[in-house]
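Before any comments, here is the structure.
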Amino acid sequence: MRRSQAWEHIFGDSRNKPAPGPDGREIEGRCRRVLERIRPLGLPWSLMAFDLDPFYLNTLRQLVREGVMDPASSLLCVCAGERDHRTLKEAGFPNVTLTNLETRWELPNPGTHQVAYGDVENLTFPDKSFDFVIAHNGLHHCASPHRGLLEMHRVSRKGVLVFEPRDSLLSRWGVRFGLGQDYETAAVALSYDRVSGGWRNGPVPNYVYRWTEREIEKVIRSATPWMLCGFRYFYATRPPSGAASRRSPWIRLGLRLAIPLATVLGRLIPSQTNCFAFLVTQPPLGQGSPPWIRWNGAEPTLDPEWARREYRQ
38 MRRSQAWEHI
48 FGDSRNKPAP
58 GPDGREIEGR
68 CRRVLERIRP
78 LGLPWSLMAF
88 DLDPFYLNTL
98 RQLVREGVMD
108 PASSLLCVCA
118 GERDHRTLKE
128 AGFPNVTLTN
138 LETRWELPNP
148 GTHQVAYGDV
158 ENLTFPDKSF
168 DFVIAHNGLH
178 HCASPHRGLL
188 EMHRVSRKGV
198 LVFEPRDSLL
208 SRWGVRFGLG
218 QDYETAAVAL
228 SYDRVSGGWR
238 NGPVPNYVYR
248 WTEREIEKVI
258 RSATPWMLCG
268 FRYFYATRPP
278 SGAASRRSPW
288 IRLGLRLAIP
298 LATVLGRLIP
308 SQTNCFAFLV
318 TQPPLGQGSP
328 PWIRWNGAEP
338 TLDPEWARRE
348 YRQ
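Everything in the sequence shown is counted per this note's numbering, starting at 38 for the first residue and increasing by one.
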């Protein structure tokens, strides 16, 4: 293989434009193209963020093994696509409702899974309709990621599981040197007809909202101050898919050099990973409340006895 051929094999031919995929499968086509760019980097499959994402699947399986989630649980998966369907099916969850902003979408083989239109920022389901609500790399496409998270929290009975980009020093360095993105231009540029994959799944590239642990806890506690929720975090380093499809060979070369370093650093210091999952669990109704809360049926209020004990009247 000549040197120029090897360069193109590893980094891609910058003259080629990504071929449009079939309608409704543009994200799948994008993932396949990006995966072909990253394969030559020699990374283990566990670090890939495509198809049946191992981080997604393994986190679900871990929660099932620990008894946190039951395969019989009713699940709502928001901002969903075919990969969510396949991953949740592989993890052994038959009772799943998948929603996104597409008004006309369907799964080739849905099985027991149901598909519906749903806006995560304005869900039409009543409070506590599902055991768990899941979002995989979708909330940062919202106009208000916080509102999306709180809607998930509202319609869940037991908890929410969210996979999102994480705000870290390493992530900010990646953006600074062109290996990451502040605005997700790649998702739209590589989509079919460039009309989806951005802000609210539209043609405008969305800002990549990156979360922190402290922020998540403050948002949840502000929304439901009458309950003491549990918080758990799972960490992963993922190759930035957008950089792998950039025309600039220098960016692709930088990606090749940076990924091994970022992977090792992420394993040593989880706080420097660029992606994570967070699980927010809810206590049963009427339990797991601060000591100043008293329940009148299903309504929380300040416990007057606690107030008299703690404050001079």
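Where is the CB? At the ideal position from N, CA and C, for every residue including glycine. The model shown is predicted, which means the values in this text are computed figures rather than measured ones.
- By the Cβ rule, the segment 136–152 does not count as touching the segment 199–206, because fewer than three pairs are nearer than 8 Å.
- DSSP places Gly104 in no beta strand (DSSP E); its state is neither H nor E.
- With contacts defined by Cβ atoms closer than 8 Å, Asp156 and Ser110 do not form a contacting pair.
- According to the DSSP secondary-structure assignment, Ile330 is paired through a beta bridge with Leu339.
- Per DSSP, the continuous beta strand (DSSP E) segment holding Ser193 begins and ends at 193–202.
- Taking Arg141 as reference, the option from Thr161, Pro163, Gly118 with the minimal CA-CA separation is Gly118.
- For Ile306, the secondary structure class from DSSP, reduced to helix, strand or coil, is coil.
- Ala344 sits in a helix when the DSSP states are folded into three classes.
- In this structure, the straight-line span from the alpha carbon of Ser181 to that of Ser308 is close to 24 Å.
- Across the structure, Asp340 and Asn238 are spaced so that their CA atoms are roughly 45 Å apart.
- Beta-bridge annotation (DSSP): Cys116 is not paired with any residue.
- When beta bridges are read from the DSSP output, Ile257 appears opposite no residue.
- Contact between Tyr244 and Tyr220 holds, with the beta-carbon distance rounding to 6 Å and staying under 8 Å.
- Bounds of any alpha helix (DSSP H) do not take in Arg269; it lies within the beta strand (DSSP E) bounded by 267–273.
- With contact defined as three or more Cβ pairs closer than 8 Å, the segment 208–220 and the segment 186–199 are not in contact.
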